[in-house]
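A.B. asks: Below: one structure in structure tokens.
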Amino acid sequence: DIQMTQSPSSLSASVGDRVTITCRASQSIDRYLNWYQQKPGKAPKLLIYVSSNLQSGVPSRFSGSGSGTDFTLTISSLQPEDFATYFCQQSYSPPRTFGGGTKVEIK
Amino acid sequence: EVQLVESGGGVVRPGGSLRLSCAASGFTFDDYGMSWVRQVPGKGLEWVSAINGNGRTIGYGDSVKGRFTISRDNAKNSLFLQMNGLRAEDTALYYCARDGGYSGYIDAWGQGTLVTVSS
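For the record, the sequence lines run as chains A and B.
Take the first sequence: its position 59, counted from the start at 1, is 59 in the numbering used here, and no numbers get skipped.
Take the second sequence: its position 76, counted from the start at 1, is 183 in the numbering used here, and no numbers get skipped.
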């Protein structure tokens, strides 16, 4: 199985900060990397699919990049509604494993 | 509007069985692959199983292989997860989810149904 490692596991940031979350795969997954946002008590929400494609309705301050084994989710200017937990997921091969999550907290 | 509504969760003893259902609406059900994803409250996400639109291609996570069976009824716009041989570590919130495309990402989620395995 492909292992997905996210870092950091948590971070504190202020409104307006630029935030970067990384996800590393244990083997090459081409560009088949997706990012989700989850708020407490809610289902996850798709942000980015296939490395860099912004899901419809997601603000443009979210962006994704990477290929092979190393990927990045960037929030260009953190907004109050962005405080949440973010998960990466590979969909290159089953099982479609998730990263452990990154909790973004208010500084 | 895409809607996914899970049902069938509950409390079951170790070794027991449970069948989860997911009622889908707002889209052409058999055009989409579907998945089950679970989450221990406060913890991470675990992909459990997926099935393609015609039901012929199926995959399972290692932790449930041989115990869980995914199926779908396209005539009733429904997805199922038959869970046998349940263990304490299967305790989680189970989400029904829609695969957004051939790339395997999930673009719609239900609100989840809670499964608790306890004696």
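All residues carry an ideal CB built from backbone N, CA and C; glycine is no exception.
How many angstroms separate the CA atom of B/Ser210 from the CA atom of A/Tyr32?
C.D. replies: Near 7 Å, if we compare the C-alpha coordinates of A/Tyr32 and B/Ser210.
A.B. asks: Would you report the Cα separation of B/Ile158 and B/Phe175, rounded to the nearest angstrom?
C.D. replies: Distance between the alpha carbons of B/Ile158 and B/Phe175 is about 13 Å.
A.B. asks: Could you tell me whether any Cβ in chain B is nearer than 8 Å to the Cβ of A/Phe71?
C.D. replies: It does not; no Cβ of chain B falls within 8 Å.
A.B. asks: Since A/Gln38 contacts A/Ile48 with CB under 8 Å, what's their CB separation in whole angstroms?
C.D. replies: Rounded, the Cβ-Cβ distance is 14 Å, inconsistent with contact.
A.B. asks: How about the segment 120-128 of chain B and the segment 95-106 of chain A: do they share at least three Cβ pairs that are nearer than 8 Å?
C.D. replies: These segments do not touch.
A.B. asks: Give the secondary structure of A/Glu81 by DSSP, where H, G and I count as helix, E and B as strand, and everything else as coil.
C.D. replies: It is helical.
A.B. asks: How many angstroms separate the CA atom of A/Phe62 from the CA atom of B/Asn191?
C.D. replies: Cα to Cα, the separation comes out at about 41 Å.
A.B. asks: So the candidates are B/Val222, B/Ser226, B/Ile213; which of them puts its Cα closest to the Cα of B/Gly140?
C.D. replies: Comparing Cα-Cα distances from B/Gly140 to each of B/Val222, B/Ser226, B/Ile213, the minimum goes to B/Ile213.
A.B. asks: Go ahead and pull the three-state DSSP assignment for B/Phe187.
C.D. replies: Here B/Phe187 sits in strand by DSSP.
A.B. asks: Within 8 Å of any Cβ in chain A, is that where the Cβ of B/Leu221 sits?
C.D. replies: Judged by the 8 Å Cβ criterion, B/Leu221 is not in contact with chain A.
A.B. asks: Alpha carbon to alpha carbon, what distance is there between A/Ser9 and B/Leu202?
C.D. replies: This sequence places Tyr at residue 202 of chain B; Leu is not what is there. One C-alpha to the other measures close to 23 Å.
A.B. asks: Could you check whether B/Arg205 and B/Leu111 sit closer than 8 Å to each other, using their CB atoms as the reference points?
C.D. replies: Yes, they are a contact pair.
A.B. asks: Does the beta-carbon distance from B/Gly160 to B/Asp138 come in below 8 Å?
C.D. replies: Contact flag set, yes.
A.B. asks: Mind the definition here: the segment 78-85 of chain A touches the segment 21-32 of chain A only if three or more C-beta pairs lie below 8 Å; say whether that holds.
C.D. replies: No, because fewer than three Cβ pairs between the segment 78-85 of chain A and the segment 21-32 of chain A fall closer than 8 Å, the two stretches do not touch.
A.B. asks: Which residues of chain A have a Cβ atom closer than 9 Å to the Cβ of B/Gln110, listed in chain order?
C.D. replies: Result: empty, since nearest Cβ-Cβ is about 12 Å, beyond 9 Å.
A.B. asks: Would you kindly check if the distance between the Cβ of A/Gly68 and the Cβ of A/Phe87 is under 8 Å?
C.D. replies: Contact flag unset, no.
A.B. asks: From B/Asn181 to A/Gly16, what does the alpha carbon distance come to, in whole angstroms?
C.D. replies: Rounded to whole angstroms, B/Asn181 to A/Gly16 spans 46 Å at the Cα level.
A.B. asks: Is the CB-CB distance between B/Glu113 and B/Cys129 below 8 Å?
C.D. replies: Yes, they are a contact pair.
A.B. asks: Among A/Pro95, A/Pro94, A/Gly41, A/Arg24, which one has its Cα closest to the Cα of A/Met4?
C.D. replies: Ranking the options by Cα distance to A/Met4, first place goes to A/Arg24.
A.B. asks: With hydrogens ignored, establish whether the beta-carbon of A/Val58 is closer than 7 Å to any heavy atom of the ligand ATP.
C.D. replies: Of ligands this structure carries none, so the ligand ATP is not represented either.
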